[in-house]
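Going by full-length UniProt numbering, the residue at position 612 of the sequence shown is 612; the numbering climbs one at a time, nothing skipped.
For glycine and all other residues, C-beta sits at the position ideal for the given N, C-alpha and C.
As the structure is a prediction and not an experimental result, all values here were calculated from the model.
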Amino acid sequence: MEKPIFTFGRIRQLRFAFCICFLLWFLAYICSDDYATFFSRESGVNLFPFYAETQPVLNDPCSSRYIYIHDIPTRFNSEILTDCRNLLESADSDMCRAVLNMGLGPHVTRSRGDGAFLESNSWFVTHPHLLEVIFHNRMKQYKCLTNDSSLASAIYVPFYAGLDLGRYLWGFNAIRQLRFAFCICFLLWFLSYICSDDYATFFPHESGFNLFPFYAETQPVLINDPCSSRYIYIHDIPTRFNSEILTDCRNLLESADSDMCRAVLNMGLGPHVTRSRGDGAFLESNSWFVTHPHLLEVIFHNRMKQYKCLTNDSSLASAIYVPFYAGLDLGRYLWGFNASTRDSGTIDLFKWLLEEPEWERMKGRDHFFIAGRTTWDFRSLTNTDRNWGNKLMYLPQAKNVTILSLESSHWIKRDFAIPYPTNFHPSNDDQVIEWQNKMRKQKRKYLFSFAGAPGPKQRDSIRGEIISQCLEAGEKCKWLDCKSSSSGNCDDPSKVVKMFRSSTFCLQPRRDTPTRRSTFDSILAGCIPVFFDMHSAYAQYAWHLPKEYAKYSVLIPESDVKRARADIEKTLSAILEEAVVKMREEVIRLIPNIMYANPSSSSSKLESFEDAVDLAIKGVLERVEKLVEEMKEK
């Protein structure tokens, strides 16, 4: 019998040898002339410039306390959480629930607490092996973070070493080699970084000083303050209105097909799209996720935590964000519950808000929150149990609040539509530009396509006619049937994007309501949307889509399709190629407007683009400013 190449003793020798090699290299480096940059030759007193003794302190509360968080590849941290079921080889550990609430785990319920816990929602069922996740998320709140590593006194590397190891402790024949290989990969990445020219950023410059510490309220507002009129205060509402809702993730939706415990991973983005599932449609940048549209509230909340002009002083704020998960709260009670249960969360929230001093200032006119469903789910007119949804939009207390939803009403101007989340969540500008360029070069073999089911059994539905015309068009049209949820056709991002990126036009008929997530999937793929109803986009997304809708889309009146007066193939074929090229370029230009950037990246952020959250915040601030002017006039 052959001896294994790697024995336990040999691996220990290899590890020891590797450490010796690393230490010898490091000693050789610091003794070389190149390492002289680590020491100051100008002064024999200040040997280490990162102590900043030679620079003015100006009462900076973060002096000598700045920390830089390394933006390491996601395979070393967040991707490890994606396969949450395999984090531990134990049938007794539900690690998908353990990773909830940023690693704290689910809240301790009152029935479970048995009187032993406080009523402060500060108790969780926390797994000890989630320490790395908890520490990482707490580090994101550290008051003296900096995005400039040259200012940092310490550098935090958010590697989930224990969770990575835990996946492979049992049942792997070559486990020692596997564990060792992963550590080698990480160390090689780290060494390649510190050996590069950019490693100079690891050592602070003597003149470095960060004028803007992480929390803006630690310093007076400057004359040229870039956050003037843009400060936002995040209300610290009780956790039963947001994070506790996620704790019971299995009941977030009444659908056996939706694994909502996986959907809440990665701060609401869902699990990463795997390479095998991607089918060549996606980049290798880890910017693609299986995102559920009803997680908009969670995504927006986590993006708001990255907003550059946050303040902990509400008196400085131009707007106040209320991180209430209105849609997720309602989604638990849409079926099988009475009206009072569906309304209870919303009513309790406003009872709490009305007692806060921030409300009294403008009676809620500067408050806003997200309702991650269509507006019609929040417009129950009576207390009848048979009515759909709750009465959030009709509460007297809510009349002044700005509400952002997936679809707004046509007549009440206090709710505003923002895009459905797609599956693309980039962390930096390069990922956006790379995807846009890929869509510009994409060959499109279909004239038009449609992703959807035949539709509801409604007399005015045109979906059946659209499918018929698509089938009659032969190879010019592609139909992705979404009728059977078991097929997973339309739940698989790779199938949807693969079809849309191969199409010139993408049909967007209404279903139960005028808007569709598919509209934003098509824009993301550089496919020109074709609408049949003005309210599907033109009367909805004023902050995110151009007013001149003919620049990026085609409108075929629904009535013409019903009466067989419109031949979709002939209508689209008649559009000149020059016009098609211009429309496609406009669609590709709109991609940043309708995407939600990855909120989990601590240092790598969009610099040249504004995403859907940025544009929504702009819209809210402009609206609040108008309301303030109206109050002054009265």
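Counting the other CB atoms within 10 Å of its CB gives Asn593 a total of 16 or more, which places it among the buried residues.
Here the segment 322 to 338 makes contact with the segment 237 to 247; the two share three or more CB pairs at distances below 8 Å. Taken through DSSP and simplified to helix, strand or coil, His107 comes out as strand. The beta carbon of Tyr549 lies closer than 6 Å to those of Tyr538 in the same chain, with the five residues before and after it left out. Per DSSP, Thr384 is not a residue of any beta strand (DSSP E), being assigned neither H nor E.
Taking a C-beta distance under 8 Å as the contact criterion, Ala152 and Tyr68 qualify as a contact pair. For Glu622, the secondary structure class from DSSP, reduced to helix, strand or coil, is helix. Comparing alpha carbon positions, the residue from Leu100, Phe424, His294 closest to Leu406 is His294. Annotation for His136: the continuous alpha helix (DSSP H) segment containing it runs 131 to 139. Under DSSP, Tyr325 takes part in no beta bridge, so it has no partner.
DSSP lists Phe448 as the beta-bridge partner residues of Cys477. In the DSSP assignment, Thr374 forms a beta bridge with Glu407. Look at Cys482 here: in three-state DSSP terms it is coil, with no helix or strand label. In its chain, beyond the 5 residues on either side, Trp543, His544, Asn593 have a beta carbon closer than 7 Å to the beta carbon of Leu615. Each residue's CA atom was taken as its position, placing Lys391 and Pro61 some 47 Å apart. Residue pairing for Thr402: DSSP places it in a beta bridge opposite Phe368. The continuous beta strand (DSSP E) containing Pro529 extends over residues 528 to 531. About 11 Å separates the Cβ atoms of Ala451 and Cys470, ruling out a contact at the 8 Å cut-off. Between Phe300 and Val108, the gap from beta carbon to beta carbon reaches 8 Å or more.
Per DSSP, reduced to three states, the secondary structure at Ser503 is strand. Straight through space, the alpha carbons of Cys261 and Pro128 are spaced by roughly 20 Å. With a 10 Å radius around the Cβ and a threshold of 16 neighbouring Cβ atoms, Gly526 comes out buried. In the displayed model, Val561 falls within a helix according to three-state DSSP. Judged by DSSP secondary structure, Phe520 falls outside any beta strand (DSSP E) and instead within the alpha helix (DSSP H) spanning 518 to 524. Arg365 and Val620 have their C-alpha atoms some 10 Å from each other. Listed in chain order, the non-local C-beta contacts of Trp359 below 8 Å within the same chain comprise Leu353, His367, local neighbours out to five positions each way being set aside. One thing to note: Met102 has its Cβ within 8 Å of the Cβ of Asn137. CA-to-CA, the gap between Gly372 and Ile245 works out to about 14 Å.
Remark: C-beta atoms of Asn598 and Ser427 approach each other more closely than 8 Å. Take Ile72, set aside five residues on each side of it, and the residues of its chain with a beta-carbon closer than 7 Å to its own are Val157, Pro158, Phe159, in chain order.
If you look at Ile155, you'll find it in the beta strand (DSSP E) that goes 154 to 156. With fewer than 16 neighbouring CB atoms inside 10 Å of its own CB, Asp512 falls in the exposed class. Counted as a single uninterrupted DSSP element, the beta strand (DSSP E) harbouring Ile234 occupies residues 232 to 234.
In this structure, the beta-carbon distance from Leu104 to Thr82 does not fall below 8 Å. If you check the CB distance, Leu145 and Leu87 do not come in under 8 Å. Taking C-beta separations shorter than 6 Å and ignoring five residues to either side along the sequence, the partners of Arg65 in its chain run Cys144, following chain order.
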